[in-house]
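According to the working numbering, the residues represented by the sequence shown are 33 to 122, in order.
Ideal placement from N, C-alpha and C gives every residue a C-beta, glycine not left out.
For reference, the structure is listed below as structure tokens.
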Amino acid sequence: MIRMAQAVLSVRLDRDDKNQFDEFCRAAGMNASVAVNMFVKAVLKNQRIPFAITGDPFYSPANMRHLRHAVEQAEQGQLEKHELIEVDDA
Numbered sequence: 033m034i035r036m037a038q039a040v041l042s043v044r045l046d047r048d049d050k051n052q053f054d055e056f057c058r059a060a061g062m063n064a065s066v067a068v069n070m071f072v073k074a075v076l077k078n079q080r081i082p083f084a085i086t087g088d089p090f091y092s093p094a095n096m097r098h099l100r101h102a103v104e105q106a107e108q109g110q111l112e113k114h115e116l117i118e119v120d121d122a
């Protein structure tokens, strides 16, 4: 068996996330190091992150334009007052 040279990867995580991840890994019969190695191998094999990564639509260019326009209106005193309408779900 040929052994490849080992390297260390250090990652900072939220403590609760790390604990939950460790618990998940134990339940799956592995440790965090094995899980991270599986992730790295999947990325290298497929040349992509093995799950969808999407941006928050709140920060989309269209919404940011809308928010900037709303701020400009507020700064110029152009806001309209509206009454809240309560809906009875019964």
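Spatial distance of residue 50 from residue 116 (CA atoms): Going by the C-alpha atoms only, they are around 43 Å apart.
Alpha-carbon to alpha-carbon, residue 64 and residue 53: 7 Å
Spatial distance of residue 43 from residue 68 (CA atoms): 11 Å
Candidates 40, 106, 120 and 109, of which the one nearest residue 72 by Cα: 40
Same chain only: Cβ atoms within 8 Å of residue 89, ignoring 5 sequence neighbours per side: 95
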